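*Asks:* In the working numbering, the protein residues as written are 16 to 313. Virtual Cβ for every residue (Gly too), placed ideally from N, Cα, C. Remember, it's a predicted structure, so these values are computed and weren't measured experimentally.
Right, dumping it as structure tokens:
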């Protein structure tokens, strides 16, 4: 029966790996192998995989210890060995078995295995596997449900753009991706709240999500916020605020075009409005933006 290693031991091994003391890590792992701690064989394999100047014998040993891990039902060993058998990176390729190991790990909800399966089923593998959109979609959804933000965003786009759009589910997965920190997903959630797509309309939440996306440098959110304050339909009309968002956009994306409506705003700016907007924009760039600006507002 396997169980988790003590935290002190785990920290010790992590420290040895960080310091690239792989031989010492291997010795400690071999000394404690009889404790049947989960992931032990996988870690021993890593001491061979990551060794400097890895040779053929290191590859053989890495495969041996990964096989030991699989025999002990270590799911991480199944993922690593499965990927290596697919690629043949260590000099031994066995595509069917590699695929089988990844499928077993995916059944245990190991995200790396799920993402790998989504990738190979999407493009197929010449001479080994035909592309399969149905399996691709299944693994993308599984990855999204396991918390992968990129998969959640991809699934949301598919749900939104399908022959029969499902905006309720699209919103759900855009929100999952937004919680994972994707700026483009935050923008989409903001737009959904703004227009009441797949969710009850909520201007306050719309502005909150759009602003968070803008802080991450989302160009669409910056322009959307500028247009919203210029039009004054959903939010209070404020040319100064509209200009501020527009100036931030120009700092981050100086070579890109802007909508005609915003260009007309730039052509009709008073000195007082410009001074206010540029100061506000510079403060935002200096203190709130989570993406390094490409210049200053001047």
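Using a threshold of 7 Å, state whether the C-beta atoms of residue 205 and residue 225 are closer than that.
*Replies:* Against a cut-off of 7 Å, the Cβ pair of residue 225 and residue 205 comes out as a contact.
*Asks:* Which class does residue 129 belong to by DSSP, given the choice of helix, strand or coil?
*Replies:* Looking at residue 129 - three-state DSSP - the assignment turns out to be helix.
*Asks:* Between residue 158 and residue 129, how many whole angstroms is the CB-CB distance? I'm expecting something under 8 Å.
*Replies:* Sure, about 5 Å apart at Cβ, within 8 Å.
*Asks:* Between the alpha carbons of residue 152 and residue 64, how many angstroms are there, rounded?
*Replies:* Between residue 152 and residue 64, the C-alpha separation is close to 32 Å.
*Asks:* Hey, residue 136 and residue 126: beta-carbon distance below 7 Å or not?
*Replies:* No.
*Asks:* Among all the DSSP beta bridges, which residues are the ones paired with residue 140?
*Replies:* In the DSSP output, where bridge partners are listed per residue, residue 140 has 144.
*Asks:* For residue 16, does the three-state DSSP call read helix, strand or coil?
*Replies:* Note on residue 16: pLDDT 49, under 50, position unreliable in the model; the coordinate value appears next. Coil.
*Asks:* CA-CA distance, residue 103 and residue 258?
*Replies:* So the two alpha carbons sit approximately 56 Å from each other.
*Asks:* When burial is assigned at 16 or more other CB atoms within 10 Å of the CB, is residue 303 buried or exposed?
*Replies:* Label assigned to residue 303: exposed.
*Asks:* Are residue 167 and residue 191 closer than 7 Å when you measure CB to CB?
*Replies:* Yes. Within cutoff.
*Asks:* Quick one: give me the first and last residue of the alpha helix (DSSP H) that residue 224 is part of.
*Replies:* Element bounds for residue 224: 218-230.
*Asks:* What residues in its chain sit with their C-beta under 6 Å from that of residue 62, if we drop five residues either side in the sequence?
*Replies:* Same-chain partners within the cutoff: 37, 40 and 41.
*Asks:* Quick check: what's the CA-CA separation for residue 59 versus residue 271?
*Replies:* If I take the Cα positions, the gap works out to 51 Å.
*Asks:* Of the choices 45, 82 and 35, whose alpha-carbon is the least far from that of residue 68?
*Replies:* When only C-alpha atoms are compared, the closest one is 35.
*Asks:* Measuring straight from C-alpha to C-alpha, what distance separates residue 24 and residue 106?
*Replies:* Near 32 Å, if we compare the C-alpha coordinates of residue 106 and residue 24.
*Asks:* Is the number of C-beta pairs between the region 285-297 and the region 214-221 that are closer than 8 Å three or more?
*Replies:* Result no; under three Cβ-Cβ pairs closer than 8 Å.
*Asks:* Starting from residue 166, trace the alpha helix (DSSP H) both ways and give me its first and last residue.
*Replies:* 164-176 is the extent of the alpha helix (DSSP H) around residue 166.
*Asks:* Which residue comes first and which comes last in the alpha helix (DSSP H) that contains residue 73?
*Replies:* Start and end: 71-86.
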